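A.B. asks: Let me give you the structure first, and then I'll get to my questions.
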Amino acid sequence: MRKPFLLGILILSFLACNSERKEDVKNKSKIENSITDKIRVLNFGSIHLSGSTDAHSSITDINNPTVKADIKLIVDRLVDFKPTIICVEIPPESTGFINETYQKYKNDQSNRINYSEEVNVIGLEVARLSGTKKIYGIDNPIGFDYPSLISIANQKASDSLYVQSIMDKYEKVNKEPLLEQYREINTKEYKAETFDFYNFLATMHTPGNFEGSDIIAEFYKRNLRMYTNFSDIPLTKDDRVLIIMGATHTAYFDIFIGNSPKYMLENTAKYTNYEKTR
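Just remember that the numbering used here sits 1 ahead of the position in the sequence shown, which is counted from 1.
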């Protein structure tokens, strides 16, 4: 009587384990499918290589042979992502024009558009080498009174010291070699610090007023509108989207895209590891 009883227990245990394994495989498959159904997005921060109105910008001579070589490395790494769609920091109204230029650029690289040079030397070149289907403009320019908030911050010693520490860091990064700048501004730490700095500026105000929150709300609105423009782009799960924008915008987009079930945010560090390409 004892042996049949033990055999029965063993059979039931085996069936239970087998059922659990099948359930694990099923759950794993569901997770993998949910990941593959997401649209892959590489949210890449760029310095403005020309024509910037930013308070702190890097001055770069794109015709300098060393700079050209560095830009080629930046382009080559982004080409590794194989983007089918590229988004750049120009208004959506210019999408038609940049795609006309892109078609000409494929055969003659002297074709350019009159926007900050990263759109040309990085955006168009990555598109050409990747066989990108289309380039979209997603910007929505809105001016905001950044200097007035710095003035308010400078009225309090601790706030002034914090602002100065951020400005010093920006200046330090701007003086670094080009590849170091791109590596730094695309780190999670740099983006988080930039995002926090703008949140700090939102708290700047004079007694009884809310200058900081009102002004930064305008900048936040700009980023939300840019995200709206991005969301309007017709995409499929087979698309691979490269976004090229100023680093502050990428800090906001990391949050917007990173919290969306529709997209899978790529690890930018994988595409700023320039040593291996030297």
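Using N, Cα and C, we set each Cβ at its ideal position, and we do this for glycine too. No experiment lies behind these values; they were computed from the predicted model shown.
#1: Using the three-state DSSP reduction, which class does L266 fall into: helix, strand or coil?
#2: Tell me which residue opens and which closes the alpha helix (DSSP H) that L162 is part of.
#3: If you pair each beta-carbon of the segment 156 to 175 with each one of the segment 100 to 115, do three or more pairs fall below 8 angstroms?
#4: I'd like to know if the segment 223 to 232 and the segment 139 to 151 are in contact, where contact means that at least 3 CB-CB pairs between them fall below 8 angstroms.
#5: What's the C-alpha gap between F257 and N200?
#6: DSSP on M205, reduced to helix/strand/coil?
#7: When you compare each of L43, T273, I40 to I186 by their alpha carbons, which one comes out closest?
#8: Straight-line CA distance for A218 to D109?
#9: The alpha helix (DSSP H) with Y147 in it runs from where to where?
#10: Starting from S131, follow the beta strand (DSSP E) in both directions and report where the run begins and ends.
#11: Is the segment 97 to 108 touching the segment 191 to 209, taking contact as three or more C-beta pairs under 8 angstroms?
#12: When every heavy atom of the ligand ATP is checked, does at least one fall within less than 7 angstroms of the C-beta of Q104?
#13: Using a threshold of 8 angstroms, state whether the C-beta atoms of K39 and K263 are closer than that.
#14: Quick one: Cα of G209 to Cα of L125, how far?
#15: Which class does S261 belong to by DSSP, given the choice of helix, strand or coil?
#16: Going straight from the alpha carbon of K157 to that of T204, what length do you get?
#17: Quick one: Cα of K170 to Cα of L202, how far?
#18: When we look at the beta-carbon of G97 and count the other beta-carbons within 10 Å, is it buried (16 or more) or exposed?
#19: What residues in its chain sit with their C-beta under 6 angstroms from that of E90, if we drop five residues either side in the sequence?
#20: According to DSSP, which residues form a beta bridge with L282?
#21: Kindly indicate which residue of D255, E276, D77, K135 has the alpha-carbon position closest to the one of G46.
#22: Just to confirm before moving on: does the CB-CB distance between N44 and L266 stay below 8 angstroms?
#23: Return yes when the Cβ of Y183 is within less than 8 angstroms of the Cβ of N224, no when it is not.
C.D. replies: Inspection of the coordinates gives the following:
#1: Within the sequence shown, numbered from 1, the residue matching residue 266 stands at position 265. Here L266 sits in strand by DSSP.
#2: As a working note, residue 162 is residue 161 in the sequence shown. It spans 158 to 175 - the alpha helix (DSSP H) in which L162 sits, taken as one unbroken run.
#3: In short, these stretches do not touch, since the Cβ pair count stays below three.
#4: yes
#5: Here residue 257 is taken as the residue at index 256 of the sequence shown, counted from 1. Here residue 200 is taken as the residue at index 199 of the sequence shown, counted from 1. Looking at the two C-alpha atoms, the distance is approximately 16 angstroms.
#6: By one-based count along the sequence shown, residue 205 stands at place 204. Coil.
#7: Counting from 1 along the sequence shown, the entry for residue 186 is found at position 185. It is T273.
#8: Residue numbering aside, residue 218 sits at position 217 when the sequence shown is read from its first letter. Residue numbering aside, residue 109 sits at position 108 when the sequence shown is read from its first letter. Looking at the two C-alpha atoms, the distance is approximately 42 angstroms.
#9: Along the sequence shown, one-based indexing puts residue 147 at 146. Element bounds for Y147: 147 to 154.
#10: The residue given as residue 131 occupies position 130 in the sequence shown. Careful: S131 lies outside any beta strand (DSSP E), inside the alpha helix (DSSP H) at 126 to 131.
#11: no
#12: Within the structure as shown, the ligand ATP is missing, as the structure has no ligands at all.
#13: Numbered from 1 along the sequence shown, position 38 holds the residue referred to as residue 39. Numbered from 1 along the sequence shown, position 262 holds the residue referred to as residue 263. For K39 and K263, yes; Cβs fall inside 8 angstroms.
#14: Numbered from its first residue, the sequence shown carries residue 209 at position 208. Numbered from its first residue, the sequence shown carries residue 125 at position 124. Taking the straight line joining both Cα atoms gives about 49 angstroms.
#15: Numbered from its first residue, the sequence shown carries residue 261 at position 260. For S261, the secondary structure class from DSSP, reduced to helix, strand or coil, is coil.
#16: Along the sequence shown, read from residue 1 onward, the residue named residue 157 stands at position 156. Along the sequence shown, read from residue 1 onward, the residue named residue 204 stands at position 203. Spanning the two alpha carbons is a distance of roughly 13 angstroms.
#17: Within the sequence shown, the letter at position 169 stands for residue 170. Within the sequence shown, the letter at position 201 stands for residue 202. About 17 angstroms.
#18: On the sequence shown, position 96 is the one that residue 97 refers to. Exposed, because fewer than 16 other Cβ atoms sit within 10 Å of the Cβ of G97.
#19: As a first step, residue 90 must be located in the sequence shown, where it is residue number 89. Taken in chain order, the residues that qualify are D140, M246.
#20: Residue 282 lies beyond the residue range present for the chain, which begins at 2 and ends at 279; the question has no answer from this structure.
#21: Position 45 of the sequence shown, counting from 1, holds the residue named residue 46. With distances taken between CA atoms, G46 lies nearest to D255 out of D255, E276, D77, K135.
#22: In the sequence shown, counting from the first residue as 1, residue 44 sits at position 43. In the sequence shown, counting from the first residue as 1, residue 266 sits at position 265. In contact: N44 and L266 (Cβ atoms closer than 8 angstroms).
#23: Locating residue 224 in the sequence shown gives position 223, where the first residue counts as 1. Locating residue 183 in the sequence shown gives position 182, where the first residue counts as 1. Contact flag unset, no.
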